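A.B. asks:
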Amino acid sequence: MFFNSLPTNFAALEVGQHLYWQIGNIRLHGQVFLTSWILLGALLVFISLGTKKMENDPKGLQNLLEFLWDYIRDLARTQIGEKVYRDWMPFIGTLFLFVFVSNWGGALIPWRLIKLPSGELGAPTADINTTIALALLVSLSYFYAGLSNKGWRYFEYYVHPTPIMLPFKILEDFTKPLSLSFRLFGNILADELVVGVLVFLVPLVLPIPVMFLGLFTSAIQALIFATLAAYYIGEAVEEHH
Amino acid sequence: MLAFDFFGATEGGLFDINATLPLMAIQVVALTYILNSLFFKPVGKVVEKREKFVSNNLMEAKNKLSEVKKLEADLLSQLQSARSEAQKIVSEAENESDKLYKEALELANNEANASKEKARLEIENQTSLAREQLFKQADDLSELIVNRLILEK
């Protein structure tokens, strides 16, 4: 395929190289887990610090966490609807926080300084496994949401305006996780590559606007992923009349 | 090493899908539960408690405000009626005093007229008496004069 002709070490980037961990028969991308554990650890520390002493008059970190909570609630409520958004808010919020922390962590922390025997540390969301895992979880969630809320009537959705829609709706079940995973993966990987190439070519000043753009894209991608996940769940639990 | 090998047998590549996927999914599910008990539940409890507190207070304030408005209207109507009653009393009193004044005035006038009339009558009497006397005296005198003249003749 077309990447074969390119040197994998292009622009001092190691594209598609991984730190493999072998556990029995299964192989894992170690760098993904390393960065995700560091970032999620930081997130959990941050959250436990903020929720350690909850007061009625919020101060400092609690304020920020409450703002975040409110933001996620609004997102879930507008997409899923008043009736069941409460059940799905933690999942949507976790998706948002995980993607956001991964994207920003990958963009902000100079992982390059840590040398690995193979591959390099970076945003966990720049690995296709992570994004597919997230997208499949979203698929399972909206199926579960639809079936648990409406029972077998969930499948009315497939023939909703007319039965002609059936093949398209079935196709949608495949395109939804595909687009979710590839959008996130592509955006974050492309951002990392662009910054990497620019840093390699012009190591001063020039990459900075691109880095800011990358931060912007990262935040937007997190929002898009969470919003779409919520929208799919909302679509599944929506009552047709 | 192949960089791009979709579901390829060789290791490496951008699209190298392996056990990272299910493990990451499990990790995210675990993270959902952890964040739910560490973040969403406690923060939600505090925020919703406060929202309830605020909305309760708001409702209470609204109730109180409407009560105040009702009382205000009540008082205002009471004030209005008291004012009109006072007006009525004042005008009544004015009428009364007017009537009394008129009565007194009429009485005084009548009295004055009566005494004036009496005085006039008396004056008339006296005048006619005096005139009568005067006439009489004039008659007497004229008789006297006539007599003397006749006698002297």
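Residue numbers (the numbering used here), protein chains in the order written: chain A, 1 to 241; chain B, 1001 to 1153. For each residue, glycine too, the CB sits at the ideal point set by N, CA and C. Note that this is a predicted model, so its numbers are computed, not measured.
(1) Could you tell me which chain C residues have their CB closer than 7 Å to the CB of B/Met1059, listed as they occur along the chain?
(2) Take A/Leu19 and list the residues in its own chain whose beta-carbon comes closer than 6 Å to its own, dropping the five residues that flank it on each side.
(3) Do A/Pro90 and B/Thr1020 have their CB atoms nearer than 8 Å?
(4) Whose CA, out of A/Gly60, A/Ala42, A/Pro167, A/Thr130, lies closest to the CA of B/Ile1017?
(5) Between A/Ile72 and A/Phe46, is the Cβ-Cβ spacing less than 8 Å?
(6) Run through DSSP, which three-state label would A/Leu28 get?
(7) Any Cβ of chain A within less than 8 Å of the Cβ of B/Asn1056?
(8) CB A/Thr217 to CB A/Gly105, shorter than 8 Å?
(9) Any idea what DSSP makes of A/Gln22, helix, strand or coil?
(10) Where does B/Phe1040 sit, in a helix, a strand or coil, going by DSSP?
(11) Please list, in chain order, all residues of the same chain as A/Thr227 whose beta carbon is under 8 Å from its beta carbon, the five residues on each side excluded.
(12) Looking at the structure shown, is A/Thr51 part of a helix, part of a strand, or coil, going by DSSP?
(13) Three-state secondary structure (DSSP) at B/Glu1060?
(14) Counting beta carbon pairs with one atom in the region 51-66 of chain A and one in the region 1037-1054 of chain B, are three or more of them shorter than 8 Å?
(15) Could you tell me whether the Cβ atoms of B/Gly1013 and A/Gly16 are closer together than 8 Å?
(16) Does the Cβ of A/Pro203 have 16 or more other Cβ atoms within 10 Å, making it buried, or fewer, making it exposed?
(17) State the DSSP-derived secondary structure class of A/Asn4, mapped to helix, strand or coil.
(18) Based on Cα-Cα distance, which residue from A/Ile224, A/Ala126, A/Pro167, A/Leu206 lies nearest to A/Gly93?
C.D. replies: Let's see:
(1) This model lacks chain C altogether, as its protein chains are A and B.
(2) Along the first sequence, read from residue 1 onward, the residue named residue 19 of chain A stands at position 19. Answer for A/Leu19: Gly30, Gln31, Leu116, Ser118, Gly119, listed in chain order.
(3) Against the first sequence, residue 90 of chain A aligns to sequence position 90. Against the second sequence, residue 1020 of chain B aligns to sequence position 20. Not closer than 8 Å, so no.
(4) Taking the first residue of the second sequence as 1, we reach residue 1017 of chain B at position 17. Minimum Cα distance to B/Ile1017 is reached at A/Thr130.
(5) Here residue 72 of chain A refers to the residue found at position 72 of the first sequence. Here residue 46 of chain A refers to the residue found at position 46 of the first sequence. Contact flag unset, no.
(6) Your numbering for residue 28 of chain A matches position 28 in the first sequence. Note: A/Leu28 maps to strand in three-state DSSP.
(7) Along the second sequence, read from residue 1 onward, the residue named residue 1056 of chain B stands at position 56. Chain A, which has no Cβ nearer than 8 Å to the Cβ of B/Asn1056, makes this no.
(8) Residue mapping note: residue 217 of chain A aligns to position 217 of the first sequence, counting from 1. Residue mapping note: residue 105 of chain A aligns to position 105 of the first sequence, counting from 1. It is not a contact, given that the beta carbons lie outside the stated cut-off.
(9) Taking the first residue of the first sequence as position 1, residue 22 of chain A is located at position 22. Strand, per DSSP.
(10) As a working note, residue 1040 of chain B is residue 40 in the second sequence. Correct three-state label for B/Phe1040: helix.
(11) Here the question's residue 227 of chain A lines up with position 227 in the first sequence. Within the same chain, Cβ atoms closer than 8 Å to the Cβ of A/Thr227 are found at Leu75, Gln79, the five residues on either side in sequence being excluded.
(12) Numbered from its first residue, the first sequence carries residue 51 of chain A at position 51. Residue state, collapsed to three classes: coil.
(13) Here residue 1060 of chain B corresponds to residue number 60 of the second sequence, with the count starting at 1. Helix, per DSSP.
(14) yes
(15) Taking the first residue of the second sequence as 1, we reach residue 1013 of chain B at position 13. Taking the first residue of the first sequence as 1, we reach residue 16 of chain A at position 16. Between B/Gly1013 and A/Gly16, the C-beta spacing is below 8 Å.
(16) The count along the first sequence starts at 1 and reaches residue 203 of chain A at position 203. Under this definition A/Pro203 is an exposed residue.
(17) For the purposes of this step, residue 4 of chain A is identified with residue 4 of the first sequence, where counting begins at 1. Only weak support exists for where A/Asn4 lies, its pLDDT of 46 falling under 50; the value from the coordinates is given anyway. In the structure shown, A/Asn4 sits in a helix (DSSP, three-state: H, G or I).
(18) Within the first sequence, numbered from 1, the residue matching residue 93 of chain A stands at position 93. The residue with the shortest Cα to Cα distance from A/Gly93 is A/Ile224.
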